[in-house]
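Each protein sequence line maps, in turn, to chains A and B. Residue numbers for the first sequence follow the working numbering, so the first one is 48 and each next one is one higher. Residue numbers for the second sequence follow the working numbering, so the first one is 119 and each next one is one higher. Even for Gly, the Cβ is constructed at its ideal location relative to N, Cα and C.
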Amino acid sequence: MLRSRLIAILAVLIVLFALGAVAGAQDDMVEIEYWQYNFGARVDAMNMLIEQFEAENPGIKVVHNSDIPYADFRTELAASAPAGVGPDVVTLFYGWIPAFVDAGYLVPLPEDAFSEEFILETFSPMVANSKFEGSYWAIPTAVRSLALFWNKDIFADAGLDPDTPPATLDDLVEMAIATTQYDGDMSDILSITRMGHAPALAAQDHHWFREVLIRQYGGTPYSDDGRTVTYNSEEGCAAFSWLAAFETEHVTGSNDILDGATNAFVNGESAIHVDGSFRVGTISRNNPDLNYGVTELPVGPNGERHTFGSYWTHGITRRANDDPARLEAAVKFLQFITTPEAGTLWVNNVGELPAQLSAASDEMILADPILGAFSAGLAYSHATFFVDESAQRQVLIDAFDNIRMGGMDPCDALDEAAAAEQELIDNFWADREM
Amino acid sequence: MNEIKEKRSRETAGLRWTLARKKVVWAYIFLAIPIVFFAYIRVYPALFAFQMSLHDYNPLAAEQPFVGFENYEKLFSELGKRKSQTKSAFQNTVNYVLLGVPIQLCLALAISLMLNEIRFMSTLYRIMFFLPFVTSTIAIAWVFRMLYQPRFGLFNVILQLISLPQQPFLRSTQQALPSVLALVIWQGMGFAIIIFLAGLKQIPRTYYEAAEVDGASRWHTFRYITFPLLNPSLVYLLVLQTISFLRMFAPVIAMTEQGRGGPLDSTVTVVLQTYREAFQSFNMGYASSLTVVLFALILGVTIIQLSVTSRRIN
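Structure representation (structure tokens):
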């Protein structure tokens with residue numbers, strides 16, 4: 048009785064397997080997998096691109112995995128690799144490239160499809176940062192830069208001209224103080240009900256400090272080869288003190304209150320905020336009525352303009368490289384999603400600027416009241432060479448926390464951060480040169 | 119002729135299983151399924167962690183080079199530094215245990231003694247104390263995170279109502295650890311109370327009656343009857359709660375900014391540090407060495423606790 052039932056189950060399983068094998072053999076479509084983290088506008092834009100790509104290439108099917116939250120994205124990639132599954136084309140933050148190359152996860156972009164001349168000629172200069180160990184490992188659809196957001200209603204309410212954003216760092220301090228509101232003790236962060244400006248190192252401010260403020264104070268963040276930390280200088284300390292003072296001295300805001308600096312600005316509870324072009328999409332989805340403007344980052348003591356440029360970029364994985372048919376499909380897909388047309392679709396849906404110069408310098412974009420400021424910034428943007436972006440960010444977050452919570456002197460905190468970051472960089476290169 | 123028959127019947131008896139024997143064999147076959155599952159899901163990964171800790175294990179890479187005890191050397195050099203994440207993780211974990219276990223057990227004991235006295239609506243009270251234990255830790259952690267909020271969080275609102283200064287709670291390096299600990303103590307207390315109540319029910323009433331006849335005070339009754347006879351429950355809870363505090367992870371990742379165990383690593387635990395090393399920096403080998411050291415620590419503490427506290431009480 049039991050035996051006959053077992054045999055029946057086995058028979059059914061064998062038939063199912065056989066059917067599966069037949070179905071698999073008949074399928075001569077090349078299927079590639081594409082992964083990116085979940086960010087509404089990016090997912091929609093990529094779905095449109097995939098639809099167009101599949102229409103042009105009927106033999107290729109692209110499986111789009113975009114269900115992974117940002118915070119888990121790297122974990123999921125790490126979990127998929129030993130299991131032998133995962134993406135053929137993956138979208139990574141540019142700062143992660145060295146770590147992923149180090150692990151042998153990415154393969155270099157093929158010379159014939161993405162030659163060095165082609166990349167240097169047609170792409171925004173910061174894309175050159177993908178070059179590592181003599182090869183290009185990834186290529187983006189779009190790039191972003193930092194700019195200054197200001198809330199016009201709060202400016203008007205505080206008696207400032209709603210159409211005049213801060214032009215210098217001094218203006219920024221003055222306007223932040225003027226727009227902050229308190230309920231009680233004006234020296235207590237916790238009594239702030241409306242923030243003027245909140246320094247948020249965990250958000251974009253560590254980039255602002257690294258690539259913008261230090262340079263505006265006359266210093267440099269790193270040596271030219273990116274292997275030595277140089278921000279623990281007199282200039283770096285002055286810049287870091289200036290940033291910390293918003294919380295410790297002027298008491299105009301903190302990332303710990305009103306749901307954090309970014310959310311506070313989106314919710315109309317913060318007057319001035321430094322952020323990337325991707326925040327435009329967040330605002331239009333979550334608070335479309337916010338009356339705000341975007342302008343270029345204010346100039347510093349030396350009158351220079353700088354901004355931080357960064358991008359999410361697409362690479363081809365070891366997995367795709369294992370199968371010539373999939374590799375070919377992956378290269379085709381990569382070429383398709385990095386055209387100027389794809390960049391234009393991207394800017395219209397995500398708000399990030401096209402990575403190809405021909406599309407980024409479009410008149411429409413330069414004249415756009417919101418995108419214009421980001422687009423102008425591309426000309427003077429710097430992209431940091433990170434060996435471990437999250438760890439290097441943590442170093443500056445800790446330095447800042449040491450100042451505001453531990454009462455540490457900004458120069459000492461920065462010295463400690465520089466030592467810790469130097470160790471990260473040294474460890475990375477020591478492993479590579481072994 | 120008869121001899122041959124007997125011999126043959128003996129032989130067939132040896133070959134044919136008795137009903138009882140069959141039952142045992144089937145029991146083993148059925149038990150084998152969960153045992154194999156348990157071995158694959160629990161034992162194999164644990165052993166694999168030992169193996170990983172001897173490699174420079176990066177899951178993204180195709181090859182995982184063998185490095186011997188290098189990860190352990192790194193771990194101990196990190197512990198020797200004046201300040202490091204690994205060191206903070208171990209220090210905090212010890213703090214969680216040293217503060218959390220005694221406070222939780224004392225409170226649970228006091229509450230169970232009281233619960234044991236009352237008759238009216240006693241079930242309702244028991245449910246109230248047990249409910250947090252069966253609620254999802256992540257959900258509770260997020261609720262607490264809101265309660266600790268500056269200005270609008272319940273705790274700060276109460277402080278404001280009684281004209282006391284606002285407290286930073288989770289955004290202070292001094293207060294963050296106790297703030298997380300409070301939640302863990304409160305949440306795990308229901309379990310300790312149930313165990314204590316069961317232990318209290320086991321104590322024969324005659325001892326108390328005898329003590330009453332002898333005119334013993336309440337304190338003496340507790341000191342010489344209740345407490346010693348609760349010893350088995352106490353030992354059980356001590357071991358179990360110590361292990362659970364040593365393995366603390368979920369409340370910290372849920373309650374701290376971006377799950378980092380901050381501010382300034384003031385709440386990070388060994389398990390959270392393991393997670394960060396493994397899944398944020400992809401140093402799986404180093405992370406595995408952390409879990410192996412934690413395993414040794416738990417084993418050591420448990421053996422010591424069992425040998426010291428489980429003396430027979432007459």
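Below 8 Å on C-beta distance, what does D435 (chain A) contact in chain B?
S399
Suppose only complete runs of 4+ residues qualify. What are the alpha helix (DSSP H) ranges in the segment 366 to 404 of chain B, listed by chain order?
368 to 373, 388 to 397
Any chance the segment 309 to 323 of chain B sits against the segment 392 to 408 of chain B, with 3 or more Cβ pairs inside 8 Å?
no
According to DSSP, is D114 (chain A) part of a helix, a strand, or is it coil?
strand
Quick check on H173 (chain B): does DSSP put it in helix, strand or coil?
strand
Using beta-carbon positions only, say whether V148 (chain A) and M233 (chain A) come within less than 8 Å of one another.
no
Taking the continuous alpha helix (DSSP H) assigned at G243 (chain A), which residues delimit it?
No alpha helix (DSSP H) contains G243 (chain A), which is instead part of the beta strand (DSSP E) from 239 to 244.
Beta-bridge partners of E78 (chain A), as assigned by DSSP
A:K108
Give every residue of the same chain whose Cβ lies closer than 8 Å to the Cβ of A372 (chain B), excluding the five residues on either side of it in the sequence, and list them in chain order.
T255, I256, A259, W260, R263
How about A465 (chain A) and N279 (chain A): are their beta carbons less than 8 Å apart?
yes
Is there contact between the segment 312 to 331 of chain B and the segment 295 to 304 of chain B, where contact requires at least three CB pairs shorter than 8 Å?
no
DSSP three-state label for F270 (chain B), please.
coil
Straight-line gap, F325 (chain A) to P387 (chain A) (C-alpha atoms, nearest Å):
19 Å
Beta-carbon proximity of D245 (chain A) to S301 (chain A), cut-off 8 Å
Sequence inspection shows Ala at residue 245 (chain A); the Asp mentioned does not correspond to that position. It is a contact, given that the beta carbons lie within the stated cut-off.
Quick one: does A150 (chain B) have its CB under 8 Å from some CB of chain A?
no
Rounded to the nearest angstrom, what separates Q251 (chain A) and L374 (chain A) at their Cα positions?
35 Å
Taking CB distances under 8 Å as the criterion, tell me whether S102 (chain B) reaches chain A.
With chain B running from 119 to 432 in the structure shown, residue 102 (chain B) is simply not present.
Unbroken stretches of the alpha helix (DSSP H), 4 residues or longer, contained in the segment 302 to 386 of chain A:
308 to 313, 325 to 333, 365 to 368, 371 to 383
Quick one: what does DSSP say T488 (chain A) is sitting in, helix, strand or coil?
Residue 488 (chain A) falls outside the range modelled here, since chain A spans only 48 to 481, and no answer is possible.
In the DSSP assignment, the beta strand (DSSP E) including A189 (chain A) goes from what residue to what residue?
189 to 198
Indicate whether the contact test is met: 3 or more Cβ pairs, each with one atom in the segment 356 to 369 of chain B and one in the segment 204 to 218 of chain B, closer than 8 Å.
yes
Contact between the segment 351 to 367 of chain A and the segment 186 to 206 of chain A: three or more CB pairs below 8 Å?
yes
Are any of the Cβ atoms in chain B nearer than 8 Å to that of F312 (chain A)?
no
Limits of the unbroken beta strand (DSSP E) element including V136 (chain A)
136 to 140
Cβ neighbour criterion (16 or more within 10 Å) applied to L282 (chain B):
exposed
Residues of the segment 434 to 456 of chain A whose Cβ lies closer than 7 Å to any Cβ of chain B, in chain order
D435, S437, A438, D445, D448, N449, M452, G453
Is L413 (chain A) helix, strand or coil when you go by DSSP?
helix
Does K199 (chain B) come out as helix, strand or coil in the three-state DSSP assignment?
coil
Expected contact under 8 Å - CB spacing of F92 (chain B) and G198 (chain B) to nearest Å:
Outside the displayed span of chain B (119 to 432) sits residue 92 (chain B), for which this structure offers no information.
Under 8 Å, Cβ to Cβ, is there at least one residue of chain B near A126 (chain A)?
yes
At a cut of 8 Å, does the segment 378 to 389 of chain B reach the segment 237 to 248 of chain B through at least three beta carbon pairs?
no
Is the Cβ of P129 (chain A) closer than 8 Å to any Cβ of chain B?
yes
Taking C-beta pairs closer than 7 Å, name the residues in chain B that R365 (chain A) reaches, listed in chain order.
A180
Candidates B:Y190, B:Y175, B:I159, B:F184, of which the one nearest L412 (chain B) by Cα:
B:Y190
Have a look at A:A92, A:P155, A:R451 and flag the residue whose alpha-carbon is nearest the alpha-carbon of G181 (chain A).
A:P155
Measuring CB to CB, does L424 (chain B) end up less than 8 Å from L124 (chain A)?
no
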